[in-house]
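Residue numbers (the working numbering): -2 to 230.
Just so you know, even glycine gets a beta-carbon here, dropped at the ideal spot from N, CA and C.
Note that the structure is predicted; figures quoted are calculated from it, not measured.
See below for the structure under consideration.
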């Protein structure tokens, strides 16, 4: 939440957090303007500005005489007009699932690239994405050791970006680098391949202070499907 921000932004962020955390689910009506005025002890104008921002960011839709309905709970709504790759694949009719997730807290040495961003410890999250049952992407995420990850969580259900959000690590920007990658034998084995090269992507995720809060390395078997980016203007 933004300290010192205008009231309508504070109200908007509280409602948005309830949407993201499932208090208000997709398809639910959020409380009426009158109810929100009482809840936050603010004016009708403040509530209306907050709702307008949520609608502009794609979280809700306001219909005259019907109230305000939740239409999305994705943290990506505020990040970009781009569309996530997994959502593109789903729209194309592919089934995407995460398998073989391994979560560990690792020690970092000063010479390690992750050390300057995360200090002497961080979480390492490794997983394989399957496309219609075929291994397609080998992923490794590195996130701060302060990230809230429950020990008994099912790793395949873990959303890394949602975990960052719930830990107060708010995403402001992505920086992606694509490269030709010659992977290790272990990665080739995970993807059922005998040789490379593969398409590689290194992502740095930043908060609003310009600090790196996640680094991920992904390797794609483009023999199955090319990487796609859609932008809406």
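Q) Which word fits residue 182, buried or exposed, when buried means at least 16 other C-beta atoms lie within 10 angstroms of its C-beta? A) exposed
Q) The beta strand (DSSP E) with residue 138 in it runs from where to where? A) 131 to 141
(Q) Within the continuous beta strand (DSSP E) that includes residue 171, where are the two ends? (A) 170 to 178
Q: Mind reading off the beta-carbon distance from residue 102 to residue 120? Whole number of angstroms is fine, and I expect it under 8 Å.
A: 6 Å
Q. What do you reckon, are the CB atoms on residue 128 and residue 6 nearer than 7 Å?
A. no
Q.
Between the alpha carbons of residue 76 and residue 63, how many angstroms are there, rounded?
A. Confidence at residue 76 is low in this model, with a pLDDT of 48, below 50, so its placement is unreliable and the value that follows should be read with caution. Roughly 28 Å between the two C-alpha positions.
Q. At a cut of 8 Å, does the stretch 131 to 146 reach the stretch 209 to 227 through at least three beta carbon pairs?
A. yes
Q) Going by the beta-carbon positions, is the gap between residue 178 and residue 194 smaller than 7 Å? A) yes
Q. For the candidate residues 189, 212 and 72, whose alpha-carbon lies nearest to that of residue 200?
A. 212
Q.
Could you compute how far the alpha carbon of residue 190 sits from the alpha carbon of residue 196?
A. 13 Å
Q) Between residue 11 and residue 192, what straight-line distance do the alpha-carbon atoms span, to the nearest angstrom? A) 49 Å
Q: Grab me the residues of residue 214's own chain with a C-beta within less than 6 Å of its C-beta, minus the 5 sequence neighbours each way, in chain order.
A: 137 and 199
Q. If residue 126 and residue 157 are in contact, beta carbons under 8 Å, what's the gap, nearest whole angstrom?
A. Not really, about 12 Å apart at Cβ, beyond 8 Å.
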